[in-house]
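Below is one structure, written out as structure tokens; the observations come after it.
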Amino acid sequence: MIINKIGSGAIALLLCGVWPAGSHAQDKPSMSVSLTYNTINNNIPYLVLSAKVKTDGKFRPVKGQAFDLYLDKDSSGKGANLIGKITTNEQGLAGATIPPTLEAAWKANTAHTFVATSAANKDVDASNTEISISKARLVIDTAADKNVKAVVSEYKNGAWVPVKGVELKLAVKRQGADLPISEEQSYTTDSLGQVTAEFKRLDVPGDEKGNIVLVGKIEDNDQYGNMRVEQSVNWGKKFVVDQNFFHRALWASRFHSPFWLVFMAYSIIVGVWGTVIYLIFMLVKIKKLGKHHK
Amino acid sequence: MDTNNTSRKEFLASLVTTGLVLAGCSSKDNPFEAGKEENTQLTGEKVKLLSVDGQVIEVDKALLKPVPDLPPVSNSEARIGIPGKKFVMVIDLSRCKNLRKCQEGCNHMHHIHSNLAWVKVYPMEEGEHTAPYWQPTICMHCDEPPCVKVCPVDATFKRQDGIVLIDADRCIGCRFCMAACPYSTRVFNWEKPDTVSDELAKQPYSCESSVPQKKGTVGKCDFCPDMVRKGELPHCVSACPNGTFFYGDINEDSVTNGAETFRFSELIRDKAGYQLMDDLGTKPSVYYLPPASRNFPFEKGLENDNEKI
Amino acid sequence: MIILKYSEVEHTLTDEKIKTDLLPQKFGTRGKIWTIVLVILCLVGAFAYVRQLQKGLIVTSMRDYASWGIYISNFVFFVAISLVGSLITAVLRLSGVHWSTPLTRIAEIIAVAGITFASLIIIVDMGRPERFYHLFIYGRLQSPIIWDVTVITTYFVISILLLYIPLLPDMKIMMDASKGKGMYKLYKFLGSFWKGTPMQHRLSNKAVNILAIAIVPVAFSIHTVTSWLFATTYRPGWDSTNFGAYFIAGAFLAGSGAVAVAMYVFRKYYKLEKYITDEHFDKMGKIIVMLALLYLYFNINEFLTPVFKMKKSEAAFLNGLFIGEFAPLFWSAIIGGMLVPMFMLLFRKGRKPFPMFIAGIMIVVGAWFKRYLIVTPTLLHPFLPMHNVPEEYKHYFPSFDEWAIAIGSLAGALLVVTLFARFFPIIPIQETIEEKHEKEHDHQ
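Residue numbers (the numbering used here), protein chains in the order written: chain A, 473 to 766; chain B, 1349 to 1657; chain C, 35 to 478.
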């Protein structure tokens, strides 16, 4: 056995040495693939795959790379549950949802594994990535004034069972980011799978009626992936947009000049150019006089 | 913050739209997605998808595709701006170390030469006995902009969301705006920019992306309205490893540097925010937090500086 | 008012002699060389401009800090020089002064040449000259540049009218003198309808009077509005309420200097000693002294008060101007361009033709450098530090192409004046004849 191994190893080494200089099998950069499982508003779960490769010390996205996505089993097994074949885009991202053909397999368990594989090509080696998740949902309850109740539950045997010890964040949806509702960065669910938090961002501006969007999110959880729930609630301050912009001003567009400027400028222009036109008339008159005179 | 996170967020954001639409949530209070909704026409073709609890849901095919990049807005839309918003920036001077990653990021994404950078980092010292600090300076997007007042052809204009933009197809290159700006924030393309490839030069120009820059016209920081429309943050904000730049909407009273989000009014109150040269009456939209309890000594920034002070 | 001694003139001059004396003359060798040199300078400037159009403004030394350079200071200089038309033709005429009549056309052609090249040099300074029409279809009324375009166009039209209408009586004389020659057609086109009837005279005089009244506020406007291109900004050295009056005083001084130079040149080369007499130089010299004192007053106002305060934003700029990198140029412009000529002209001997010519040249050259000192030093002292930029951004010395174009534009203006004097009478013939008749009538 050992001799065989050494033998095959030796042959492999030999082959490497004999291999034409053009081949740089060991120089291919390894692709770094990450797979995330995401749910928005507890609706349709989807997967996002990100492929990057490290060149010159910097990570660059891999575009146009084909991947096969499987549910629970990978290609080596028979009856593999192929979710789909996806290709990364310009930013090295690709996404997929679970097709209804896998309904039975999906319903079978609470916990699932997703596997993404790609074949080797001239640029990168083959890759195999997998993540394991459990089906869950996040529900926020805003019935109590300025108090948020969030519940995380897993889908076990056709029922939603609360989960303890899940870290989640509660925030107000804002421009480009979410503003946490209090000083606490995150909350952890108790034995009832619940989190109760006080909404401390009083008088945060909302729309004209005072509506704001409350966000509950679970980020990068080992079991549940990324979850995000948004809900509109009337806890904000009423906000009316300042109409100052539409007034006439020196810095406005050319159609919104201040009235005093328009008046002054046009009076002066009309006055002076009126005189000039009158003078040109006089010149024309002189010309006519000259023509008539013998 | 690396760019990877932001592009993933963007991808997610496009799927979020789909998710929101599927869930039946009203996205009327978010004007960004309104545009996406209008763009997607229902084809009538339904696709079946699985929900979390194993239900089969039918969804129109058009809503499922990740929405492609928003096409650049028209010139008249670019001149009006995004209604209901008023963008501001807060720069925390205690965090700046003169790494100039902000400058690198902005230069790279806007294809501008490093000599004509829109983000500049100055070593500042008020008086003889005051402590020096590094000050990243960008366009202040003033509410009473002297540059807009003097432009003869409406090539630079103020929008209702507070952003002051430049239309390089209108600019005649008189450089009056450069003389008028007290913050020295405007640069001029004295020649055809060599950072713009021929391919890029052929692409349609949008005031909101300010790409490609054109010879004989003025350029400056534009608050990245094209990124903001997608729900992203400007490139300088994402590029700074110390989170020095905070960007947000004063109407929503919130600013973020990507990692941390604060209420704008609280941040300014607690850290004594101020504006630069506000005595000139320009009413800038950029606020500074004084370099109190700074994270790095001033001298650290000298290492990265290629100029003697 | 001093009555000129026309006794000499009266006895030796007849109407016919006046006409032949004042007709434009062919250029001798010196004139031809002068014209050729000017044409060459213009062509060199034109070639340099073609280079600039191809490569962009990078061929200049202007960069992001010194974003305005000698094109703009040339522009201000041209606008300044062009004010003299209104001074001599309008202000003096309206004050009832008659001795300045021989000088009106000189002043007017300098004005027209000045304002024409002001417009041309400003187009040269534009980064996108092909978009010039944007000023008219997209113009913003709030912008001082639009005000400037408006007043300059108006002043140009009024100056042309003020040059043309008094020229009409002389066109007939020119037509008579050039029958059968090439220029006859031009004179015919311009003034064949002038028959000299009383009605025509009346209209012409009325027109000239209206023009004289109209041009004064317009002339004041052009230079005030040009000064507002600087004074409406916050920069040290420009943020001054004094700028309008300061610029106008400087403009009158510079223009008068130019007229003094032109007076001497035409008198010498066209042998016009009987028409541009020593008395004219004497009076012009006194006017220049007064204008120099006025400009000195405004300069003191402009600089003394900021120096007293030494505001932080202005300190570096003021130091640079008085004792720093711009000091040699500044003091040369003040002393050589203002104080020395003024001092020279205080004395009767200094107001003789040749010293006036020298003083005039010193004033004009000093004025050109003074305009440069208004434009660039301020830009090199911005509020925020000039940091992390190439070294060349922190200084400004015009490049070869810039000099070529600027000198080309000056040569062009001189060429316009030269060509005008070659083909049109530089001293109004008909008016001189009429003035002579009036004086004879008065004496009788």
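Cβ coordinates follow ideal geometry from the N, Cα and C atoms, glycine included.
These numbers were taken from a predicted model, which means no experiment stands behind them.
Residue i at chain A interface by Cβ criterion, 7 Å
i, result
"K1396/B", "yes"
"T231/C", "yes"
"A248/C", "yes"
"V191/C", "yes"
"T266/C", "no"
"L175/C", "yes"
"G1701/B", "No answer is possible for residue 1701/B: it lies beyond the span of chain B, which begins at 1349 and ends at 1657."
"A241/C", "yes"
"T94/C", "no"
"F300/C", "no"
"T1609/B", "yes"
"F166/C", "no"
For residue j and residue i, the rounded distance between their alpha carbons
i, j, result
"G371/C", "S1641/B", "56 Å"
"V1498/B", "A1528/B", "7 Å"
"K618/A", "D675/A", "11 Å"
"G688/A", "A523/A", "28 Å"
"A285/C", "A401/C", "8 Å"
"M205/C", "K404/C", "39 Å"
"W1466/B", "C1519/B", "18 Å"
"N1378/B", "D1509/B", "Any reading at N1378/B must be qualified, since the residue scores a pLDDT of 24, below 50, and its modelled position is unreliable; the value itself is stated next. Cα to Cα, N1378/B sits roughly 14 Å from D1509/B."
"G1453/B", "Y105/C", "35 Å"
"A737/A", "P1471/B", "44 Å"
"F735/A", "T63/C", "56 Å"
"G1521/B", "A568/A", "49 Å"
"N706/A", "K89/C", "60 Å"
"L1650/B", "C1444/B", "12 Å"
"A643/A", "L686/A", "6 Å"
Same chain, Cβ closer than 7 Å to residue i, neighbours up to 5 away in sequence not counted
i, result
"I256/C", "V113, V185, I186, Y189"
"C1588/B", "K1449, C1450"
"Q695/A", "I605, S606"
"A253/C", "L117, S120, Y189"
"A349/C", "none"
"P1493/B", "K1506, V1512, T1630"
7 Å Cβ cutoff, residue i in contact with chain B
i, result
"V620/A", "no"
"N270/C", "The sequence shown places Pro at residue 270/C, not Asn. Answer no: the Cβ-Cβ gap between P270/C and chain B never drops below 7 Å."
"G161/C", "yes"
"P419/C", "yes"
"I558/A", "no"
Chain-order list of residues whose beta-carbon lies under 6 Å from that of residue i (same chain, five-residue window excluded)
i, result
"A588/A", "L507, L521, F539, L541, T601"
Test: residue i CB closer than 7 Å to a CB of chain C
i, result
"M1526/B", "yes"
"N1463/B", "yes"
"G762/A", "yes"
"C1487/B", "no"
"M754/A", "yes"
Other residues of its chain near residue i: CB distance less than 8 Å, five sequence neighbours each side excluded
i, result
"G489/A", "Low confidence applies to G489/A: its pLDDT is 39, below 50, so where it sits in the model is not reliable, and the reading given next is rough at best. Nothing meets the Cβ criterion."
"N693/A", "V638, E639, M699"
"M378/C", "G384, P389, I392, A393"
"A265/C", "W272, D273, S274, T275, F277, G278"
Residue i: CB within 6 Å of a non-hydrogen atom of the ligand SAM
i, result
"M420/C", "Here there are no bound small molecules, and the ligand SAM is not part of this structure."
With contact counted as at least three CB pairs below 8 Å, one residue from each stretch, are the segment 107-123 of chain C and the segment 1577-1585 of chain B in contact?
no
Evaluate the contact criterion for the segment 193-213 of chain C versus the segment 275-284 of chain C: three or more CB pairs, one atom per stretch, below 8 Å.
no
The segment 1430-1438 of chain B in contact with the segment 1595-1610 of chain B per 3-pair CB rule at 8 Å
yes
Check whether the segment 1567-1574 of chain B touches the segment 1481-1496 of chain B, taking contact to mean three or more Cβ pairs, one atom from each stretch, closer than 8 Å.
The count of Cβ pairs closer than 8 Å, one atom from the segment 1567-1574 of chain B and one from the segment 1481-1496 of chain B, reaches three, so the stretches are in contact.
Given 8 Å, three or more beta-carbon pairs between the segment 324-340 of chain C and the segment 166-186 of chain C:
no
Are the segment 123-142 of chain C and the segment 208-228 of chain C in contact at 8 Å, needing three or more beta carbon pairs?
no
Any chance you could list the alpha helix (DSSP H) runs of at least 4 consecutive residues sitting entirely within the segment 54-130 of chain C, in chain order?
63-89, 104-116
Inter-stretch contact (C-beta, 8 Å, three-pair minimum) for the segment 627-637 of chain A and the segment 710-728 of chain A:
no
Between the segment 79-95 of chain C and the segment 145-153 of chain C, do at least 3 Cβ pairs fall closer than 8 Å?
no
Touch check for the segment 65-77 of chain C and the segment 357-374 of chain C: three-plus C-beta pairs under 8 Å?
no
Okay, do the segment 341-355 of chain C and the segment 292-308 of chain C touch, 3+ Cβ pairs below 8 Å being the bar?
no
For the segment 459-476 of chain C and the segment 50-61 of chain C, state whether three or more C-beta atom pairs, one from each stretch, are separated by less than 8 Å.
Contact holds: three or more Cβ-Cβ distances are below 8 Å.
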